[in-house]
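Taking it in order: structure first as structure tokens, then the write-up.
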């Protein structure tokens, strides 16, 4: 069995090191603001860029509450909502600035709003959290998506845990996905129950699992059980089961899960057969190997790397 | 295509959304209103405004309608001074939210001093943020209340072409049009304005600065009032040009001044909206003719079964 995940050592990145939002932290947050500002400015008209720089500066110098709300409100008006569409170099800089940070599907106004929020409260992490909570409480959908996507960039990540979990309880799929997808925050901060609820909710709302960071590292036996129960419930109701569900089942599959997976190896649906083969190959139990052994073609595809979860995803 | 510029969708069901989309309504505007009973604290206002800028907007998008709103303290609740002060304090947080197309519904209910005070304060906010204004005219002492609303707006230097006077009737429309304001008519079954009276209004006054809405809410009201009125106008041989102005173009023009509503939102939605917020109007995308029916089984004979109530 893989070792249990140790939560205490993760989430230690450059912008979030100590409990006090000290000098080093400020520099780091500043570099994130600079990076975001650079992306926004490069994609804006001269007027919009000047406005944005002015607001970043104004919010950085004891702004009034109204200053903050109006700047965030004007962000979509001034910057537009086009895709940020980062170049490979820009993406690499993002990943270097903050491990796991993936802004590949962000829009310009989202980057702008996150920079404005980061700029608006630098006194300490608790004051920042207070400001952010107030903004969350009166946010529109676009702002909610932006603020949730910004989670990995905020100081003292653990302070934002209740908020992040609130996001994964949302009835609005894009809000849920702003936390769950392409975001390193959950894998670094969620405990096992929170993680498992998020994965199950993704399936419930018809969302994808593949864009969840840490899907394989965070697999665990209770999640395996929850997903198997869920799959049986769906089957009983005559409803389809998303094949990628089995990705989180394989590593910890118990006897009944292996029986379910073995049955899927003869499914009429090719994606289900492939998902079952991938999941069984992750199980490392004799029962799983034996179930797979009579399906030579699938076994070879897994062994040679022709079949992976990402290639399954591409189909 | 229709635009219903006055709907309280938080009180309506998914059936309503489906029927509205099927009848060709592409967008709706949800003015802030009271709940049928008074709010007791600013917290319930905050959650309400967040709801109409948030989940309701999302919900509408799932049915193929774009959803917009207006924010404001309604005149009934302006009479609770403690609440009113607190709401005025938090309104700037919402006035620039995405899809907020006006400050409204504001105006008078019983024309009290407190109503007057907060009406004026909100006119100033609209002016500061360059937002149109939606004025709710009082049910009682309507004519005088309407004249007073317009006079106060002018006194505050608001351009009448940025102001919609809603819930008009035959007694108020002339004064509203003469002063350069927009005249909206809420089509209620049984009461206030019925569809037929609306047809007469358009016959008599044309379509310049005139439009109709359903004002559908938690009371007896009809979310299909706009398409039904359009159909009735068609039967009365009113031109398609006029019908389009009264049921689509005019509200789009005045609320479009906010910069927050444009036909591109439903005709050519931004990529990010399509991915996250808006499922598109399948009827219109499929190139079908919008239908106004009460019952899908009777779609083939939409005209014959149209109920004008």
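Protein chains in written order, with the numbering used here: chain A, 26 to 340; chain B, 50 to 358. Glycine included, C-beta positions come from ideal geometry on N, C-alpha and C.
Helix, strand or coil for residue i? Go by DSSP, reduced to three states.
| i | result |
| --- | --- |
| residue 260 (chain B) | strand |
| residue 39 (chain A) | Note on residue 39 (chain A): pLDDT 41, under 50, position unreliable in the model; the coordinate value appears next. Looking at residue 39 (chain A) - three-state DSSP - the assignment turns out to be coil, as it is neither helix nor strand. |
| residue 318 (chain B) | coil |
| residue 359 (chain A) | Residue 359 (chain A) is absent from the structure shown; chain A starts at 26 and stops at 340. |
| residue 276 (chain B) | helix |
| residue 75 (chain B) | strand |
| residue 155 (chain B) | strand |
| residue 284 (chain A) | helix |
| residue 183 (chain B) | strand |
| residue 82 (chain B) | coil |
| residue 230 (chain A) | coil |
| residue 56 (chain B) | strand |
| residue 296 (chain A) | helix |
| residue 76 (chain A) | helix |
| residue 206 (chain A) | strand |
| residue 61 (chain B) | coil |
| residue 307 (chain A) | coil |
| residue 167 (chain B) | helix |
| residue 170 (chain A) | helix |
| residue 207 (chain B) | coil |
| residue 214 (chain B) | strand |
| residue 277 (chain A) | helix |
| residue 127 (chain A) | coil |
Among residues of its own chain, excluding the 5 on either side of residue i, which ones have a beta-carbon nearer than 7 Å to its beta-carbon?
| i | result |
| --- | --- |
| residue 80 (chain A) | 96, 141 |
| residue 130 (chain A) | 207 |
| residue 307 (chain A) | 275, 276 |
| residue 85 (chain B) | 267 |
| residue 228 (chain B) | 199, 209 |
If we count the other Cβ atoms within 10 Å of its Cβ and call it buried at 16 or more, is residue i buried or exposed?
| i | result |
| --- | --- |
| residue 47 (chain A) | Summary for residue 47 (chain A): the model assigns pLDDT 38, below 50, so the residue's position carries little reliability; its value from the coordinates is reported in the next sentence. Its Cβ having fewer than 16 others within 10 Å, residue 47 (chain A) is exposed. |
| residue 127 (chain A) | buried |
| residue 81 (chain B) | buried |
| residue 316 (chain B) | exposed |
| residue 56 (chain B) | buried |
| residue 225 (chain B) | buried |
| residue 263 (chain A) | exposed |
| residue 204 (chain B) | exposed |
| residue 112 (chain B) | buried |
| residue 177 (chain B) | exposed |
| residue 247 (chain A) | exposed |
| residue 58 (chain A) | buried |
| residue 154 (chain B) | buried |
| residue 192 (chain B) | exposed |
| residue 117 (chain A) | exposed |
Using a Cβ-Cβ cut-off of 6 Å (strictly less than) and excluding sequence neighbours within five positions of residue i, which residues of its own chain qualify?
| i | result |
| --- | --- |
| residue 22 (chain B) | The structure shown does not extend to residue 22 (chain B), since chain B spans only 50 to 358, so no value can be given for it. |
| residue 287 (chain A) | 316 |
| residue 212 (chain A) | 238, 239, 243 |
| residue 268 (chain A) | 296, 297, 300 |
| residue 327 (chain B) | 110, 318 |
| residue 332 (chain A) | 299, 326 |
Verify the CB distance criterion: does residue i have a CB-CB separation below 8 Å to chain B?
| i | result |
| --- | --- |
| residue 95 (chain A) | yes |
| residue 165 (chain A) | yes |
| residue 91 (chain A) | yes |
| residue 245 (chain A) | no |
| residue 207 (chain A) | no |
| residue 331 (chain A) | no |
| residue 30 (chain A) | Low local confidence applies: a pLDDT of 44 at residue 30 (chain A) is under 50, so the model's placement there is unreliable, with the coordinate-based value given in what follows. Answer no: the Cβ-Cβ gap between residue 30 (chain A) and chain B never drops below 8 Å. |
| residue 2 (chain A) | The displayed coordinates of chain A run from 26 to 340. Any statement about residue 2 (chain A) would go beyond what the structure contains. |
Does residue i have its Cβ less than 8 Å from a Cβ in chain A?
| i | result |
| --- | --- |
| residue 198 (chain B) | no |
| residue 146 (chain B) | yes |
| residue 45 (chain B) | Limits of chain B in this structure are 50 at one end and 358 at the other, which puts residue 45 (chain B) out of reach. |
| residue 54 (chain B) | no |
| residue 320 (chain B) | yes |
| residue 102 (chain B) | yes |
| residue 47 (chain B) | Residue 47 (chain B) is absent from the structure shown; chain B starts at 50 and stops at 358. |
Report all residues from its chain with a CB closer than 8 Å to the CB of residue i; omit the five preceding and five following residues, and keep chain order.
| i | result |
| --- | --- |
| residue 190 (chain B) | 160 |
| residue 329 (chain A) | none |
| residue 84 (chain A) | 92, 93, 96, 141, 144, 145 |
| residue 291 (chain B) | 251, 255, 256, 282 |
| residue 130 (chain B) | 163 |
Is the segment 63-76 of chain A close to the segment 114-127 of chain B, with three or more CB pairs under 8 Å? no
Mind the definition here: the segment 285-298 of chain B touches the segment 92-99 of chain B only if three or more C-beta pairs lie below 8 Å; say whether that holds. The way I'd put it, the segment 285-298 of chain B doesn't touch the segment 92-99 of chain B; fewer than three beta-carbon pairs between them come closer than 8 Å.
Check whether the segment 106-114 of chain B touches the segment 132-143 of chain B, taking contact to mean three or more Cβ pairs, one atom from each stretch, closer than 8 Å. Of all C-beta pairs linking the segment 106-114 of chain B to the segment 132-143 of chain B, fewer than three are shorter than 8 Å, placing the two stretches out of contact.
Is there contact between the segment 133-148 of chain A and the segment 95-111 of chain A, where contact requires at least three CB pairs shorter than 8 Å? Because the criterion of three Cβ pairs below 8 Å is met, the segment 133-148 of chain A and the segment 95-111 of chain A touch.
Is there contact here, the segment 296-315 of chain A with the segment 193-207 of chain A, by at least three beta-carbon pairs under 8 Å? no
Is there contact between the segment 211-228 of chain B and the segment 177-186 of chain B, where contact requires at least three CB pairs shorter than 8 Å? yes
For the structure I just gave you, are there three or more beta carbon pairs, one from the segment 266-283 of chain B and one from the segment 304-314 of chain B, closer than 8 Å? no
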